[in-house]
Every structure is written in structure tokens, then in C-alpha cells.
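No gaps in the numbering here: position 61 of the sequence shown is 61 in UniProt numbering, and each next residue is one more. Every residue, glycine too, gets a C-beta built ideally from N, C-alpha and C.
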Amino acid sequence: MAVDLIRYDLLVQDALRGVVRKVLTDAVREGLPGEHHFYITFRTHAPGVRLSAAMREQYPDEMTIILQHQFWDLSVNEQAFEVGLSFKGVPEILRIPFDAVTGFFDPSVRFALKFELEDEAVEAGANDTDTPDQGRPDGAVPLLVASESPAQGSSTAAGSSESSSLPAPEEAKVVSIDAFRKKT
């Protein structure tokens with residue numbers, strides 16, 4: 001198999017992050033339409049993330065925020081978004097680069113995106129050789145996930161003092177980059 005010097009896997013992920021950027025930009029202009037609301041998971045230690053020391057200590061690796069009823073000052077640019085949220089009654093302004101986002105979920109329409117970390121993609125060499133990706137037995141790079149049922153697991157922080165699980169697909173259809181590769 002030829003070496004993928006273009007890195008289509010990273011280009012597709014960047015395009016999908018553009019979906020998140022567009023949805024948030026529209027929310028800034030028009031508010032959240034209908035029942036739409038968003039769970040956004042991000043790496044708290046990623047470059048460019050602005051988060052209080054207390055929140056970073058509570059969520060040292062990954063955090064999920066919910067944009068639904070109690071958020072303010074949402075702003076979006078090409079690289080990142082900022083949003084005000086209250087955590088246990090303490091207001092905080094978060095800055096989250098789109099490169100730090102690892103998941104996006106709109107439970108109102110059961111739409112989810114899951115992003116592979118770019119540093120892991122580079123280390124794994126997702127498209128470099130005939131050997132499958134080390135993270136998945138089938139060699140697929142998970143990109144787009146859609147499901148109707150929530151799963152248990154991730155920590156969620158939002159405008160309340162409670163923590164809950166991020167609704168994530170249990171029986172999900174995974175569309176991988178391998179699905180788009182030309183078969184030889």
C-alpha cells in the first residue's frame with residue numbers, strides 16, 4: 001500500500017471540526033434552535049485551553065461541558081470558542097481550541113462526532129502502512145458516530161453542581177476513513 005502523504009484522515013477530522021465550528025457560530029447568531037443542545041468533550045491539558053486551576057485539577061485529562069440553558073458570552077473564531085459557564089455556582093469563562101475537542105454530541109437529534117487525537121494519529125500512522133491502527137483491531141479510524149442510546153462513562157461538567165455521564169453511543173455505526181479508501 002502506498003504511503004498517504006496527504007493525510008486524508010487528518011483532513012477529514014479538520015472538516016468535521018468545521019461542522020462543530022459552524023454549529024457554534026450559528027448558535028452565537030441565532031441561539032440554540034428548537035431542542036438542540038450540545039455536549040462538547042475536550043482535552044483540558046491541550047495547548048490553548050483556558051480553564052481555572054481548580055477545574056483543571058478536577059478534570060486533569062478530559063472534560064465535557066453542556067451548552068443548553070445556562071451559558072453566556074459564547075464567541076467563536078477559526079481556532080477556538082469561548083463560553084461562560086457556572087460550575088457549582090462559580091462562574092467561569094472557558095476557551096477551548098477546536099483541536100482540543102474530542103467529542104461533540106447533540107442528543108436532541110442523536111448526532112455525535114468523535115475525534116481521534118492528532119498526536120495519536122501521527123504516532124499510529126493511520127494511513128502509513130498495511131498494518132492496522134494499534135487502537136482498533138479493524139484498523140479503522142473512528143470519526144462519525146450516530147446512535148439512539150446513551151452509555152455510561154465520561155465525566156460531565158455543566159451549569160450545575162452535579163456530574164453525570166456523557167450520552168455516548170452503545171451500538172453505534174462507525175464510519176471510518178477505511179470505508180472511503182480505494183480497494184486494491
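- The Cβ-Cβ distance between F38 and D106 falls below 7 angstroms.
- Among the bridge pairs identified by DSSP, M63 is matched with F42.
- In the DSSP annotation of this structure, E57 is not part of any beta strand (DSSP E); the continuous alpha helix (DSSP H) holding it starts and ends at A53 to Q58.
- Between the C-alpha atoms of K114 and L51 there is a straight-line separation of about 22 angstroms.
- In the DSSP assignment, K22 falls within the alpha helix (DSSP H) that extends over Y8 to E30.
- A check of alpha carbon separations from D14 across R110, V101, D61 and E82 identifies V101 as the nearest.
- Here the C-alpha atom of P33 lies approximately 15 angstroms from the C-alpha atom of F71.
- The beta carbons of F98 and I40 sit no closer together than 7 angstroms.
- Counting along the chain, no beta strand (DSSP E) covers S108, and no H or E run does either.
- Take the alpha-carbon of L94 and the one of A46: they are about 13 angstroms apart.
- In the three-state DSSP reduction, A2 falls in the coil class, being neither helix nor strand.
- Between I65 and the set R7, L24 and L85, the nearest pair of CA atoms involves L85.
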